[in-house]
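What follows is a single structure, written as structure tokens, with notes after it.
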Amino acid sequence: MEYIICLVVYLAIMMGVSFYSKARTKNVNDYALGGRSIPSWMSAFSYGTAYFSAVILIGHAGKNGWTFGLGAFWIVIGNSLLGTYLAWKVLGARTREMTQRLGAATMPQFFGIRYKDPKLKIISSLIIFVFLVPYAASVYKGLGYLFQITFNMNERVIMLIMTVITALYLFTGGFIAASIADFIQGVIMIIGVCLLIYFIVAAPEVNGITHGIEGLKNIDPDLIKPLTKDTALPILSLVIMTSLGTWGLPQMVSKFYTIKSEKSIPTAKIVSTLFAVIITTGAYTMGTMSRLILNNDENKFTVDGKLVYDKIVPMVINQTLPKIVIGILLVVILAASMSTLASIVLASSTTFVMDLVKPITGDKLNDKNTVTLLRICCIVFVAAAYFLATGNSPILSLNSLSWGVVSGCMLAPYLMGLYWKNATKTGVYASIISAIIIMAVGVMKYSINSPMITTVSACAMIIPILVLYVVSLVTRLYEQAHIEYIFNKTENMEADL
-5 MEYIICLVVY
5 LAIMMGVSFY
15 SKARTKNVND
25 YALGGRSIPS
35 WMSAFSYGTA
45 YFSAVILIGH
55 AGKNGWTFGL
65 GAFWIVIGNS
75 LLGTYLAWKV
85 LGARTREMTQ
95 RLGAATMPQF
105 FGIRYKDPKL
115 KIISSLIIFV
125 FLVPYAASVY
135 KGLGYLFQIT
145 FNMNERVIML
155 IMTVITALYL
165 FTGGFIAASI
175 ADFIQGVIMI
185 IGVCLLIYFI
195 VAAPEVNGIT
205 HGIEGLKNID
215 PDLIKPLTKD
225 TALPILSLVI
235 MTSLGTWGLP
245 QMVSKFYTIK
255 SEKSIPTAKI
265 VSTLFAVIIT
275 TGAYTMGTMS
285 RLILNNDENK
295 FTVDGKLVYD
305 KIVPMVINQT
315 LPKIVIGILL
325 VVILAASMST
335 LASIVLASST
345 TFVMDLVKPI
355 TGDKLNDKNT
365 VTLLRICCIV
375 FVAAAYFLAT
385 GNSPILSLNS
395 LSWGVVSGCM
405 LAPYLMGLYW
415 KNATKTGVYA
425 SIISAIIIMA
435 VGVMKYSINS
445 PMITTVSACA
455 MIIPILVLYV
465 VSLVTRLYEQ
475 AHIEYIFNKT
485 ENMEADL
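The sequence shown begins at -5 in the working numbering and counts up by one.
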């Protein structure tokens, strides 16, 4: 009963937010970007809730915490410093200023203007719209496992309910609804994760941090080592994929577009970083201590002879937490997942409509019709993600595939496009092709469900940066007038932002 009360209250609040936001959504700019007027705290929470969902709280925390022990806390450091603090520090102000001045509402639009190539806008739009679907599907699967174990319900029914709820509040309110919801959900997440840390550490099987570490050492001394020869590569790959990867994901970058002003960025940077520290610490504390709580028994999450790591966290939650806290945590994970889903769906639908459909239709598609089409695309996207989630791929595999392709293709052109005047169109195409080849070869050689897919994804993010740099050195530069137009104001920006 406690579960139901928590869920009903949460869903009622989200529906209220969606209908409140609908009244404030008057045009495409409001729907897609929130009018570029989102306050710093709201932007900070929006970034954090888009970053962390059931994918980290269930997929990453379960498998990586169980496998690497305390070594998994390198991911906490990476997500907090590289994935959050440095992302705001390096990308925030410059993205906000350049995209507003150049009139770019999406990442593909920025590419089209920065590199003077409409085809690049179309190609990047297609990549984003197609390959963010697996990421959305991974969010569905995380929630499906959690509710299946907690309520003994069919996971497809749970995923379908979530599809309907997410589609409804996106259909009504767009970015404004998502941002307000993110702030509310962020507060819920912080409270819930703090409770989670307390009950996990206080559990009899763990009995405090010191005793818990000693228990891990008794199971396997490697579980308390920061790195070993066997864990160094997979942990480094996870840090790169889950931290640097955010720099090239459109649903994350869009948070920089929409913040109210460049002066708000220092506040958002600190708030986002603190949020990341709290959420990731809670997630990986739970994952690491799962060895003790489940008595180091892999049979508990073995299905048909295969280890299903995605079941670890739901089992730990059910075994350790009081019912009312489980209810709160269910809301936390649901909130985190809906925030991430909303960001993914908005980013994908916006780029599809604004960068693919609207250039074809021209003036025939007015503001009202554009918003309607955006809403329809949101529904189509969440439906596609639902059907993909009904497959058998683990959460981490879907996440790695999506981030590897999307961030691999977008990170180098975006980062170099913001800072390096000598980046060329040929260099950009070469970097995108290299990312696609790396992911394609990796999937064919290892399969999507292989542990190596994370390393492949990390390579698909790093190598294209080098490819873009080298190819740009030997290909034709843009004329000086274009470079001055692109970089005119950014050279005078304050260095401390």
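Where is the CB? At the ideal position from N, CA and C, for every residue including glycine.
Check                                                                                                                 : Outcome
Pairwise C-alpha distance: N482 and Q492                                                                              : Since the first residue of the chain shown is -5 and the last is 491, residue 492 is not available in this structure.
Inside the stretch 301 to 365 only - beta strand (DSSP E) runs reaching at least 3 residues                           : none
Backbone CA spacing between G398 and T93 [nearest angstrom]                                                           : 24 Å
For A55 and V307, believed in contact at Cβ under 8 Å, the rounded distance                                           : 6 Å
Where T296 falls: helix, strand or coil (DSSP)                                                                        : strand
For V271, the first and last residue of its enclosing alpha helix (DSSP H)                                            : I259 to I287
Run of the alpha helix (DSSP H) containing H476, from where it starts to where it stops                               : Q474 to F481
Residue environment, Y45, which counts as buried when at least 16 other CB atoms sit within 10 Å                      : buried
Alpha carbon of R470 to alpha carbon of T418, nearest angstrom                                                        : 7 Å
7 Å Cβ shell around L301 - same chain, five flanking residues per side excluded                                       : E292 and F295
Rounded separation between L367 and S284 - CA only                                                                    : 45 Å
Closest residue to L221 among L126, T274 and I69 (Cα-Cα distance)                                                     : I69
Proximal residues to I121 (C-beta, below 6 Å), its chain only, five neighbours per side dropped                       : C403
Among T236, T314 and K57, nearest to I71 - alpha-carbon criterion                                                     : T236
Proximity winner among S428, I50, S258 and V2, relative to Y278 (alpha-carbon distances)                              : I50
Backbone CA spacing between Y134 and I370 [nearest angstrom]                                                          : 20 Å
Three-state class that DSSP yields for I573 in the structure shown                                                    : Residue 573 is absent from the structure shown; the chain starts at -5 and stops at 491.
Alpha carbon of S394 to alpha carbon of G136, nearest angstrom                                                        : 14 Å
Backbone CA spacing between A489 and F105 [nearest angstrom]                                                          : For A489, the pLDDT reaches just 42, beneath the cut-off of 50, and the residue's location in the model is therefore unreliable, leaving the point undetermined.
Spatial distance of V465 from L75 (CA atoms)                                                                          : 30 Å
Through-space distance from S333 to G28, alpha-carbon basis                                                           : With a pLDDT of 47 at G28, under the threshold of 50, the predicted position of this residue should be treated as unreliable, and no value is reported.
Of the residues I318, F67, Y41 and L335, the one placed nearest F193, counting alpha carbons only                     : I318
Neighbourhood of I234 by C-beta distance below 8 Å, restricted to the same chain and skipping five residues each side : G72, A452, M455 and I456
A377 to T157 span [Cα, whole Å]                                                                                       : 7 Å
Outcome for D214 when other beta-carbon atoms lying within 10 angstroms are tallied against a minimum of 16           : exposed
M147, buried or exposed, once every other Cβ within 10 Å from all chains shown has been counted against 16            : exposed
Three-state secondary structure assigned by DSSP to Y4                                                                : helix
Rounded straight-line distance, which links the Cα of Q245 to that of M100                                            : What sits at residue 100 in the sequence shown is Thr, not Met. Approximately 10 Å, taken between the alpha carbons.
Stretch pair the stretch 196 to 205 + the stretch 405 to 418: three plus CB contacts closer than 8 Å                  : no
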